[in-house]
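Numbers in the numbering used here are just positions in the sequence shown, counted from 1, shifted up by 1394.
First comes the structure, then the notes that go with it.
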Amino acid sequence: MFLVQRPRLLAVLALALSVASTPLFASSHKIPKPKEAATYPCHAVHPNEHVTIAAEPYDTPEKGKLFRVDYLENGFMPIYLVVTNNGDHPISLDQARIDFLSAHDDRIPAAVPRDVERRMTHIHGPGARIPLPAPLPPLRKKPKSPDKKIEQDFNDLEYSDATVLPHSTRAGFFFYDVQGLGDHPLKGGHLTLRDLRDSSGNPLVDFDIPFDKCF
């Protein structure tokens, strides 16, 4: 009968416990591998142009584990954009305008890292207090900047494929400032895409993706 030596057994148990306690998204901050756009609940199909575009909101804490920063808590909605080109010619998003349209017709462009940094630096307030002997008032440490994490998220996850080749699917994230739109900013909202172009430079018909399909 084969016996495991005690030190070796303890090492195996320690490794098993370490793996079991590792969060699902602990070290993975990569764009999820996309499926064909038509398989997502929120999508729009243009049969004549052979293009389908989907928008999946990352609107739960579980989905938010993908990111290094809690965007939802700070008023930003991450949207996973999936573009499937089933045609025989490339399409270009180089000049596309991809906006969040609220239920009240507020047209919100995608945020850039500086927009998020400005919001989060403000929210994190004046920083920690350092007690000093009376009667001097306490000094304040400089607040820790989240800039590096935000920059990394945008570098790793933001949609970046300006050209979608024939019979291929491309995906990535956009971040939208939904602060002030209430507890359910997606309700009645849309993602609109304008100025997509074909390989000859001709504009495609505008896409409109209602988020109500997601619920």
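Ideal placement from N, C-alpha and C gives every residue a C-beta, glycine not left out.
Every value quoted in this text rests on a predicted model; they were computed, and no experiment measured them.
* Asked: If you check the beta carbons only, do GLU1450 and THR1563 fall under 7 Å apart?
  -> no
* To do: Since I believe ASP1592 is in contact with ARG1491 (beta carbons under 8 Å), could you give me their beta-carbon distance rounded to a whole number of angstroms?
  => The pair is not a contact, with the Cβ atoms about 17 Å apart (cut-off 8 Å).
* Between which two residues does the beta strand (DSSP E) harbouring ASN1479 extend? -> 1470-1479
* Asked: Where does ASP1606 fall in DSSP's three states?
  -> helix
* Asked: When the Cα of VAL1476 is compared with those of LEU1487, LEU1495 and THR1454, which residue comes out closest?
  -> LEU1487
* Within the same chain, show all residues whose beta-carbon is closer than 8 Å to that of LEU1404, passing over the 5 residues directly before and after it, in chain order. => Since pLDDT at LEU1404 reaches only 42, below the 50 mark, its modelled position is unreliable, and the value read off the structure follows with that caveat. Contacts found: none.
* Asked: Where does GLN1399 sit, in a helix, a strand or coil, going by DSSP?
  -> Any reading at GLN1399 needs caution, since the residue's pLDDT is 46, under 50, leaving its predicted position unreliable; the model's value is listed next. Note: GLN1399 maps to coil in three-state DSSP.
* Local conformation of THR1446 per DSSP, three classes -> Reduced to three states, the DSSP call for THR1446 is strand.
* Buried/exposed call for ALA1556, threshold 16 Cβ in 10 Å -> exposed
* **ASP1547 - containing beta strand (DSSP E), residue span** => Note, ASP1547: premise wrong, no beta strand (DSSP E); alpha helix (DSSP H) at 1541-1551.
* **Contact set for ARG1501: own chain, Cβ-Cβ below 7 Å, skip 5 residues either direction** => ASP1493 and LEU1495
* Asked: Under a three-way DSSP split, which group does PRO1507 fall into?
  -> helix
* Taking the C-alpha atoms as reference points, what is the distance between PHE1605 and LYS1459? -> 21 Å
* To do: Note down, in chain order, each residue of its chain lying with its Cβ closer than 7 Å to the Cβ of ASP1602, except the 5 sequence neighbours on either side.
  => ALA1438, HIS1584 and THR1586
* Nonlocal neighbours in the same chain, by C-beta distance under 6 Å from GLU1552, ignoring five residues either side -> GLY1566 and PHE1567
* To do: Pick out whichever of LYS1607, ALA1432 and VAL1510 has its Cα sitting closest to the Cα of ASP1472.
  => Contrary to the premise, residue 1472 reads as Pro rather than Asp in this sequence. Among LYS1607, ALA1432 and VAL1510, the Cα nearest to that of PRO1472 is on VAL1510.
* Roughly how many angstroms separate the alpha carbons of THR1515 and HIS1561, rounded to a whole number? -> Distance from the CA atom of THR1515 to the CA atom of HIS1561, rounded to whole angstroms, is 42 Å.
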